[in-house]
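Q: Residue numbers (the UniProt record's numbering): 1 to 495. The structure's right below; bear with me while I get my questions together.
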């Protein structure tokens, strides 16, 4: 009862003296006001610096835009290539837009003058710089797209295409624009590379060389992995269609059945068939994409029909080729060498970057070995091949060591293992060819010492190999298991 009275009294007191809460609030306000000026001073100082910085940035951007506008206006008045090239030093949407219109309507003489003034080189430099910088706004993305549009206008003319084909550094710089995150820019670049492929054999060489250069600069293992990665990550049907169209251009523009099958098999080895099957399952209702899918499949079927031998061996199937060779040598003395070669190849780890070098060199050596006419050429070919293989392995190991991928001890152990395998393989092939190993032949336990190059060695490019890469076609079923390795685990001694 007393507690209720106290509460009631308190309420009545508060209602009778309304100034009490006002005084409390006034006290809080005065306390906040007392501490507010110090905070305001700190905030206002930082805001003033930030506002000043933003103002200076805007002023510089405005000056650059004014200079670009003045130069663009003067270029439109003078209409000479040199003036247009000067405007490219101040990249802007207005600069690229006016240049693109001029390039689309100019004659071959004006175009040649623009190219001789290094206008295309400046465009490529700007495109590379914009791609590396990325974009933080729609305006930046639009500037980058307009720059690619200028390059496209150059390549729409025969004069511009001939100029690019004669200078491979141009296509290499063009491929660097694929590092951007702007999908529209990458679509334009793939379209331009496709135009190079179908323009001429030299243009095709420039496009493939650009991919090779991109692979080397970005430390990729395969030259076409950039394309398949873009195809895999593409978020729009239009971009998928453009990338697949470029793949078809690369394959169809390759001269020669075996080289064309090899190029296609490189894409298949990067899981292209699985990506195409996924597209079929997703059922994209896009007519352009359907056309590109049909072109790929029809061209593949046409080539594979021509690879069936009279004996029924499919030269594009690793299983068919393996058993065809096995039937040829299984009951002869070559069976020992055949088994030793397979056992050496079984030791290669496909995840190791060094294995790429070994496979490429071995392919060249085998191709050249099938062209030998005299036994005296065997030793020279082996020495040359082993020397190249050793240099390739050393280069890969040096790159891995510089990149810190593994320790020096692990690298030396891997190199010693590869050198041992190289020596055993060389001895086996030398004995199988019927020639006695010379005293200067490298031993199986150490890396061969480089010797002076032989007179006029024949260089074979990987793409010119007569043996296509194997790929498993659809509907072939799982391949039979390979012959079991020896019980000891290591390769047998050479015959």
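Glycine is no exception: its CB is placed at the ideal position from the N, C-alpha and C atoms.
On a CA-only basis, which of 178, 139 and 328 is nearest residue 311? Give me that one, please.
A: Ranking the options by Cα distance to residue 311, first place goes to 328.
Q: In angstroms with no decimal places, state the Cα-to-Cα distance between residue 150 and residue 104.
A: Taking the straight line joining both Cα atoms gives about 9 Å.
Q: Does the distance from the C-beta atom of residue 192 to that of residue 148 stay below 9 Å?
A: Their beta carbons are under 9 Å apart, which means residue 192 touches residue 148 by this criterion.
Q: Which residues share a DSSP beta bridge with residue 314?
A: In the DSSP output, where bridge partners are listed per residue, residue 314 has 308.
Q: With a Cβ-Cβ cutoff of 9 Å, do residue 169 and residue 223 count as a contact?
A: Contact flag unset, no.
Q: Alpha carbon to alpha carbon, what distance is there between residue 272 and residue 293?
A: Residue 293 and residue 272: Cα-Cα distance of roughly 12 Å.
Q: For residue 333, count neighbouring C-beta atoms within 10 Å of its own C-beta (all shown protein chains included) and say buried if the count is 16 or more, exposed if not.
A: Answer is exposed; the Cβ neighbour count stays below 16.
Q: When the Cα of residue 359 is compared with those of 174, 386 and 339, which residue comes out closest?
A: Looking at the Cα atoms, 386 is the closest of the given residues.
Q: I'd like the span of the alpha helix (DSSP H) that includes residue 224, first residue to last.
A: Counting along the chain, residue 224 falls outside any alpha helix (DSSP H), and DSSP gives it neither H nor E.
Q: How would you label residue 513, buried or exposed, when you count the other beta carbons within 10 angstroms and need 16 or more for buried?
A: Examination of residue 513 is not possible in this model, given that the chain is present from 1 through 495 alone.
Q: Using a 10 Å radius around the Cβ and a threshold of 16 neighbouring Cβ atoms, would you call residue 240 buried or exposed?
A: When all chains shown are included, residue 240 counts as buried.
Q: Near residue 295, what residues of its chain come up, given a Cβ to Cβ distance below 7 Å and the 5 sequence neighbours on each side ignored?
A: Here the set comprises 248.
Q: Kindly indicate which three-state DSSP category residue 81 falls into: helix, strand or coil?
A: Looking at residue 81 - three-state DSSP - the assignment turns out to be helix.
Q: Along the chain, where does the alpha helix (DSSP H) that runs through residue 178 open and close?
A: Careful: residue 178 lies outside any alpha helix (DSSP H) and carries neither H nor E.
Q: Would you mind giving the Cβ-Cβ distance between residue 236 and residue 181, rounded to the nearest angstrom? I have them listed as a contact below 8 Å.
A: With 8 Å as the limit, residue 236 and residue 181 do not qualify as a contact, their Cβ atoms being about 14 Å apart.
Q: Pick out whichever of 172, 179, 324 and 82 has its Cα sitting closest to the Cα of residue 133.
A: It is 179 whose Cα lies nearest to the Cα of residue 133.
Q: Compute the Euclidean distance between the alpha carbons of residue 263 and residue 270, then round it to the nearest angstrom.
A: If you take the alpha carbons of residue 263 and residue 270, they lie about 11 Å apart.
Q: Count the other CB atoms within 10 Å of the CB of residue 89; is the residue buried (16 or more) or exposed (fewer)?
A: Classification for residue 89: exposed.
Q: Of the residues 102, 93, 95 and 91, which one's Cα is nearest the Cα of residue 80?
A: Ranking the options by Cα distance to residue 80, first place goes to 102.
Q: If you compare alpha carbons, which of 154, 97 and 110 is closest to residue 196?
A: Among 154, 97 and 110, the Cα nearest to that of residue 196 is on 154.
Q: Could you give the C-beta distance for residue 261 and residue 316, rounded to a whole number, given that I count them as a contact under 8 Å?
A: About 6 Å; that satisfies the 8 Å criterion.
Q: Which of the three DSSP states, helix, strand or coil, is assigned to residue 166?
A: It is coil, neither helix nor strand.
Q: Could you tell me whether the region 157-168 touches the region 200-217, where touching means 3 or more Cβ pairs closer than 8 Å?
A: As far as the Cβ criterion goes, the region 157-168 touches the region 200-217, which means the pair count is three or higher.
Q: Helix, strand or coil: how does DSSP classify residue 156 here?
A: Three-state DSSP puts residue 156 in coil, outside helix and strand.
Q: Which residue wins for smallest C-alpha separation from residue 242, given the options 342, 291 and 376?
A: The option with the nearest alpha carbon to residue 242 is 291.
Q: Check whether the Cβ atoms of residue 257 and residue 299 lie closer than 9 Å to each other.
A: Not a contact, by the Cβ cut-off of 9 Å.
Q: Can you find the residues in the same chain that come closer than 6 Å, C-beta to C-beta, to residue 204, ignoring five residues on each side of it along the sequence?
A: Excluding residues within five positions, the ones whose Cβ falls inside 6 Å are 197 and 253.
Q: Which value, in whole angstroms, describes the spacing of the CA atoms of residue 232 and residue 379?
A: If I take the Cα positions, the gap works out to 46 Å.
Q: Considering only residues of the same chain and omitting the five flanking positions on each side of residue 320, which have a CB-CB separation below 7 Å?
A: Around residue 320: 313 and 314.
Q: Does residue 343 pass the burial test, meaning 16 or more other C-beta atoms within 10 Å, or should it be called exposed?
A: Residue 343 is buried by the Cβ-count criterion.
Q: Looking at the unbroken alpha helix (DSSP H) that takes in residue 125, where does it start and where does it end?
A: That run of the alpha helix (DSSP H) goes 119-133.
Q: What is the DSSP secondary structure of residue 234, counted as helix, strand or coil?
A: Residue state, collapsed to three classes: coil.
Q: Are the Cβ atoms of residue 139 and residue 185 separated by less than 9 Å?
A: Contact flag unset, no.
Q: Within its chain, find whatever has a CB closer than 7 Å to the CB of residue 452; leave out the 5 residues flanking it on each side and keep chain order.
A: With a pLDDT of only 41 at residue 452, under 50, the local geometry of the prediction cannot be trusted, and the value read off the model is given with reservation. Same-chain partners within the cutoff: there are none.
Q: Taking Cβ positions, are residue 114 and residue 174 nearer each other than 9 Å?
A: Cβ distance not < 9 Å, so residue 114 and residue 174 don't count as in contact.
Q: Look up residue 370 in the DSSP assignment and say whether it is helix, strand or coil.
A: Three-state result, residue 370: coil.
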